[in-house]
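Structure, as structure tokens:
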Amino acid sequence: MTPHAPIEDGEVALPAPDTLARENFELVVRRLADDLAFGTDASLFVGSGLEYAGARPYEPGDPIRAIHWRLTARTGRAYIRQYEALKRIGVHIVVDTSASMAVASTARSKHDLAVWMAAALGLVAQRRLSPVAILGAGGREVRTTPSLSRTDLWAGLDPLRARSFSERTTLGERLDTLSARAERRSLIFVLSDLHDPSAMDAIRRCAQRHECLVVHLADPVELSSWRGGFARVRESETGRSHFFVPRRGARIDPAGLRLELLRCGADALTLRTDEAFIAPLRRFIMGRAGVGRGRG
6 MTPHAPIEDG
16 EVALPAPDTL
26 ARENFELVVR
36 RLADDLAFGT
46 DASLFVGSGL
56 EYAGARPYEP
66 GDPIRAIHWR
76 LTARTGRAYI
86 RQYEALKRIG
96 VHIVVDTSAS
106 MAVASTARSK
116 HDLAVWMAAA
126 LGLVAQRRLS
136 PVAILGAGGR
146 EVRTTPSLSR
156 TDLWAGLDPL
166 RARSFSERTT
176 LGERLDTLSA
186 RAERRSLIFV
196 LSDLHDPSAM
206 DAIRRCAQRH
216 ECLVVHLADP
226 VELSSWRGGF
236 ARVRESETGR
246 SHFFVPRRGA
256 RIDPAGLRLE
266 LLRCGADALT
276 LRTDEAFIAP
286 LRRFIMGRAG
296 VGRGRG
């Protein structure tokens, strides 16, 4: 695919980010960002700068999407969420660059998908005047501060463009650090295959202070049911080999994973590496409960 090819129809054929020269990488990202932002409402997308301020009783004519469902269910009376404008909300994009993200059964790895997605999300957020920070969750020390500068955005993405087969995951550790350091309530995107055993607890702690949107990235093999037999596998992050009998039907359950993440306080979406991602990502962001929502 060339940087001038149609993006919406050719997402699955996107090349590995590190195979493009910087100017071509930026060109593809701009077109992905255009598609991601197409038709979105700025008040519901990243960078709206809205903060939950309370609730009031529902009145005829109020938008259904503004209903405070938890309070409504608890009281038996319909309530509407109210928001107030604050300074522009900061957007932190956490990119898992561990070895498991680099392993792929298709032309595009989870790592490649995460980088393209982080770049598109970051550019759209900056266009909506939200400062963006990039954080690597692997062996690379990549941590930028929230900024509206395109130069800072590319500087944060460049070290992440190449995949690595030797990095261990540090997702839980990085999320705890980010949650503690971010002074104001922020919007945090987590782009990961969630192989880190400590990730769920870290996401739960992070969601107590910030709005967390988790995009779970999966290779088709991870979502497929085993048919039995024997398998020899190698752990991507330790290099150790194992010989085992797969349990019939064993696979990642996206619905169960999403439910677990919702219980942690984070909205969640599973994306496959062999499918287009712009449209489902756009629907996910537009359909969430609201930027900067409160915990009540």
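Numbered according to this note's numbering, the sequence shown terminates at residue 301, and the numbering increases by one at each position without gaps. Yeah, the Cβ is synthetic: ideal placement off N, Cα and C, and Gly gets one too. Since the structure is predicted, the reported quantities are computational estimates derived from the model, not experimental observations.
- With respect to the C-alpha of P202, the residue from S191, G261, T174 having the closest C-alpha is T174.
- Counted as a single uninterrupted DSSP element, the alpha helix (DSSP H) harbouring G261 occupies residues 259-268.
- About 5 angstroms separates the Cβ atoms of A273 and V219, confirming a contact at the 8 angstroms cut-off.
- If you look at E28, you'll find it in the alpha helix (DSSP H) that goes 27-42.
- Sixteen is the threshold: when 16 or more other Cβ atoms of the shown chains lie within 10 Å of the Cβ of L165, as they do, the residue is buried.
- For the pair of segments examined, the segment 108-115 was found not to touch the segment 67-80: the number of CB pairs separated by less than 8 angstroms stays below three.
- The C-alpha of G261 lies about 19 angstroms from the C-alpha of L286.
- Under the three-state reduction of DSSP, P285 is assigned to helix.
- When the Cα atoms are used, I85 and A271 turn out to be separated by approximately 21 angstroms.
- Counting C-beta pairs with one atom in each stretch, the segment 93-112 and the segment 184-195 have three or more that are closer than 8 angstroms, which means they touch.
- As the crow flies, the alpha-carbon of I257 is around 12 angstroms from that of L276.
- Secondary structure of S110 (DSSP, three-state): coil.
- Here DSSP, grouped into helix, strand and coil, assigns I208 to helix.
- Between L222 and the set W159, A109, R190, the nearest pair of CA atoms involves A109.
- Taking W121 as the centre and dropping the five residues before and after it, the same chain places the C-beta of L19, P22, L37 closer than 7 angstroms to its C-beta, in chain order.
- In the DSSP assignment, Q131 is bridged to no other residue.
- Residue environment for M291: exposed (fewer than 16 other C-beta atoms within 10 angstroms of its C-beta).
- Counting only runs of 3 or more residues that sit fully inside the segment 148-216, the beta strand (DSSP E) segments are 192-197, in chain order.
- Bridge pairing for P225: absent [DSSP].
- Spatial neighbours of C269 in its own chain (CB-CB distance under 7 angstroms, excluding positions within 5 residues in sequence) are listed in chain order as M205, I208, R209, A212.
- For R293, there is no enclosing beta strand (DSSP E), as DSSP marks it with neither H nor E.
- For P62, the pairing in a beta bridge is given by DSSP as Y84.
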